[in-house]
Each structure stands twice: as structure tokens, then as C-alpha cells.
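Below is one structure, written out as C-alpha cells; comments come after it.
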Amino acid sequence: MAKKISKKDIAQLLKAWSQQFAVLAPSRKRGVAEMAEWDGKDVSFLDWYRNTVVPPKASFLPPMEEMFRFQKDKDNYKIEPPSKNGQKQLIFGIRPCDARAMAILDMTFEDAYQDPYYLSKRKNTLLVGLSCANPCESCFCTSLGISPSESADVDLMLTNIGDHFFIEEITAKGKELTAKTSGLKDANKDDEAEARKAKETAYNKVTRKLDTEGIKDKLLASFDDEGFWEKAAAKCVSCGICTLLCPTCYCFDINDELVKDEGARFRSWDSCGFSLYTRMPMENPRKEKWRRVRQKVCHKFEFYPMTFDIIACTGCGRCIRLCPVNWDITKVLESVPAKAKAGK
Ligand code: SF4
Ligand code: SF4
């Protein structure tokens, strides 16, 4: 049965959960909105939060992460694995689009190569979703089959119903958590009706639409249409923001920091939009900007669907909101020629 909690009791709720988990919640303390460790009192994010600038992937694939330390022995290197941080974490307020992004990232990180750094954090994390009541103009999640209150990818889903949040228990882990949480009330029929209304209202507020029908095949047919891609890439300045802050992008670089005979190996976010991308192990096969823009678009809408049968975009709109030159992925996708040019 669904539960509810009074809004004035949210700080209490997070305090109780902090006894069992490292609780992360929306924060602007470092200047941009991100999921950060909750400070034990501040719930003002309930007033300002629409979505974070830094996507929640940062809690699983940090912008920079130490992989291991090493020390040179007589003639070999001694490897010291990272200390295991087995602490459970709970992300409070993740938006449905970003929860879907985590499910999309899982496909890569638990594919042929199982990434232990990412997967151990994923296994230890509960996702408590917060339905979006006020989507941005740049959001187009509904075109990707995700509603602003989609609950498929979270453990618990909260929806704003006035003085209260309506709480849906989605997974066994979510149910277990509410069973152990005091202060929750059973929701009644009126609450259910309120939640339904709030969800419908939010759904209708997502006005930006993208027709994804046949997009994979159109991209496949237009792959070699240099003229189209040059035009599509014309105003991009290769800053990388749209990939670094995309919740489904996962490129990383690996560096060793060495001082005398000891050091550490780090991995850090990278972007296929950079001209220096992959220069270290080889040459960047995408020297021209249009090839890099094509890669970014096709990776999400052509290659990922070919590999995992899902579009690797959630319509979160960050790449549109945050681009310094107003490059718009929906406009590019809308203008992909229906058929390859003759001779291509
Ligand atoms: S954010 Fe805009 S300018 Fe920067 S790489 Fe992406 S499309 Fe290009
Ligand atoms: S491509 Fe843009 S809209 Fe799609 S998930 Fe990435 S940042 Fe969000």
C-alpha cells in the first residue's frame, strides 16, 4: 500500500535515514546543483530544485576517481587496491530521467567487462525518486517514453500532493526501507487521486517533443552525409559540456600520477567531443569536429539501440540548457534526412 509523509517531516525522515545510509540530496553549496551529502538539516531544496546540473552518475562514476595506488618494489610494482568503502548510500530526490540514465549506464558497466568501481557503488545505493512537477523548457523525456513521474527505475517514488508527499514502494528494497521507517502514514484514495492529478499535470507540461520513430535507421542511412553533419556541427565550440554533464555519457581517461617510486592511477571524465580524445593510446580517429558531433549523436540514437535495444538519451535536456552556443540535439535529430543522399 502507498504511504505518505507530511512535507514538514522531511528533515526528520532524512535524519532517520542518515542513521543507516550516507544520504545524498540536491545541494547548491558548491555553486551548481548536484547531489551531495545531506548536511542534517537543510531541506530548502524542496523549494528551488528542478534538476541538478551535475547528473547523479557522478555518485557512481565520479569526475575523478582513484583506482589503486602502486609502489615500486625491487623490480616490480606492488599494487594497493582502493580501500573498500562499503557504506550504503541513499540518493534522495533523483528525477525519473536520471534514474533511467542509471539503468542505461548499468548496461555498459555490467556488460562483457564488469566494472567493479561502478557496480559496487550501484549495489550499495537506494534511489528515492521525486516526481518532477515543473519540467524545464528543454526537457523532452516523454518522447523517450519516460514520464516526469516514471517510477520504473527507483526504489521509492515520491510525488508532491500539496502538504504531503505520496510515497510509492517500487522495489523490495524500497518496501523494506518504508517498513523500517517510522512516521509514514498509509495513503488513502483521495491521496491517490491527488497523485494521479499531479502526475498528469506534470506530463502535460513537457511540451518539447522529438519524434524518435525510425531515428536509428535514418542515422544509419545518413552516416556518410558529410554535408549534413558539417551543418549540424557548425556552431559547436567543442567545449564538451553536453557530454560531460550528460547523465548517460561515460567516457573516461586514465592517468598515472607518479612521485619517485610511488603513485596512483586515476580515471576521470572525458568527452568524445574533444579533439585530444584518445590521443594518448593512439590518434583521434575523429579529427574534424563534425565527426565528433556525429559520434555523440549516433552513439545515443544509433549505436546504443543497436547494441542494447534502447536509446541512450533520457530527454533530460541538459545538453540543450547548458550548451554555451545553444546547440540543440532535438533540432539536429529532427533534420536528419529521411534517406541517404544519392551516391552515399
Ligand atoms: S555543449 Fe554545445 S558547444 Fe559544447 S560541445 Fe556540446 S554542442 Fe558543442
Ligand atoms: S543527450 Fe542531452 S537530453 Fe539526452 S540524456 Fe544526454 S544530456 Fe540529456
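According to the working numbering, the sequence shown is numbered sequentially starting from 6.
Every residue gets a Cβ at the ideal spot worked out from N, C-alpha and C, and that includes glycine.
Return the bridge partner residues of residue i from the DSSP annotation.
i, result
"R74", "E85 and A269"
"T130", "Q94"
"A27", "Q94"
"L250", "Answer by DSSP bridge pairing: none, since L250 is not bridged."
"V264", "E267"
"M162", "G134 and E173"
"M69", "S273"
"F257", "W274"
"I99", "G134"
"A41", "A30"
"K194", "Paired residues: none, contrary to the question."
What I want to know is whether the C-beta of residue i ends up closer than 8 Å to one or more non-hydrogen atoms of ligand 2.
i, result
"F313", "no"
"C137", "no"
"R297", "no"
"C256", "no"
"F65", "no"
"P252", "yes"
"T212", "no"
"A106", "yes"
"C303", "no"
"T319", "yes"
"F145", "yes"
"C141", "no"
With H, G and I counted as helix, E and B as strand and the rest as coil, what does DSSP make of residue i?
i, result
"P121", "helix"
"I10", "strand"
"L135", "strand"
"D168", "coil"
"E339", "helix"
"E218", "coil"
"L51", "helix"
"D333", "coil"
"E115", "strand"
"L287", "One detail in the question is off: residue 287 reads as Met in this sequence, not Leu. If DSSP states are grouped into helix, strand and coil, M287 belongs with coil."
"F46", "The sequence as given places Lys at residue 46; Phe does not occur at that position. The answer is coil: DSSP assigns K46 none of H, G, I, E or B."
"A21", "helix"
"S32", "strand"
"G188", "coil"
"E181", "helix"
"L228", "Per the sequence shown, residue 228 should be read as Phe rather than Leu. Three-state result, F228: coil."
"K344", "coil"
Roughly how many whole angstroms lie between the Cα atoms of residue i and residue j?
i, j, result
"G348", "I325", "Model confidence at G348 stands at a pLDDT of 44, short of 50, so the residue's coordinates are unreliable and nothing is read from them."
"L110", "T253", "6 Å"
"L224", "I316", "13 Å"
"K62", "S243", "22 Å"
"K301", "K221", "13 Å"
"W22", "M72", "29 Å"
"S136", "C102", "10 Å"
"L161", "S11", "16 Å"
"P31", "W53", "9 Å"
"C247", "K194", "42 Å"
"W332", "F145", "15 Å"
"N139", "V133", "18 Å"
"K292", "V211", "37 Å"
"L327", "D230", "27 Å"
"T130", "K93", "6 Å"
"T312", "C321", "22 Å"
"I2", "Y208", "No statement about residue 2 is possible, as the shown extent of the chain runs from 6 to 349 and does not include it."
"D275", "V59", "15 Å"
"S280", "K336", "24 Å"
"G150", "K265", "53 Å"
"D44", "E218", "45 Å"
"T206", "M40", "26 Å"
"T176", "D80", "51 Å"
"Y82", "H169", "57 Å"
"L51", "G179", "21 Å"
"M6", "K128", "25 Å"
So is the beta-carbon of residue i under 8 Å away from any non-hydrogen atom of ligand 1?
i, result
"W332", "yes"
"S340", "no"
"L281", "no"
"K292", "no"
"P329", "yes"
"A248", "Contrary to the premise, residue 248 reads as Thr rather than Ala in this sequence. Result yes, Cβ under 8 Å from ligand 1."
"V242", "yes"
"C324", "yes"
"G36", "no"
"G245", "yes"
"G278", "yes"
With residue i and residue j assumed to form a contact (beta carbons below 8 Å), what rounded beta-carbon distance in angstroms separates them?
i, j, result
"T57", "Y255", "Not a contact, Cβ separation roughly 17 Å."
"A238", "V298", "4 Å"
"K9", "D196", "5 Å"
"K181", "S156", "The sequence shown places Glu at residue 181, rather than the Lys named in the question. With a Cβ gap of about 17 Å, E181 and S156 do not count as contacting."
"S148", "K214", "5 Å"
"R105", "T319", "5 Å"
"L18", "T164", "Actually they do not touch by this definition, with Cβ atoms about 15 Å apart."
"K204", "S152", "7 Å"
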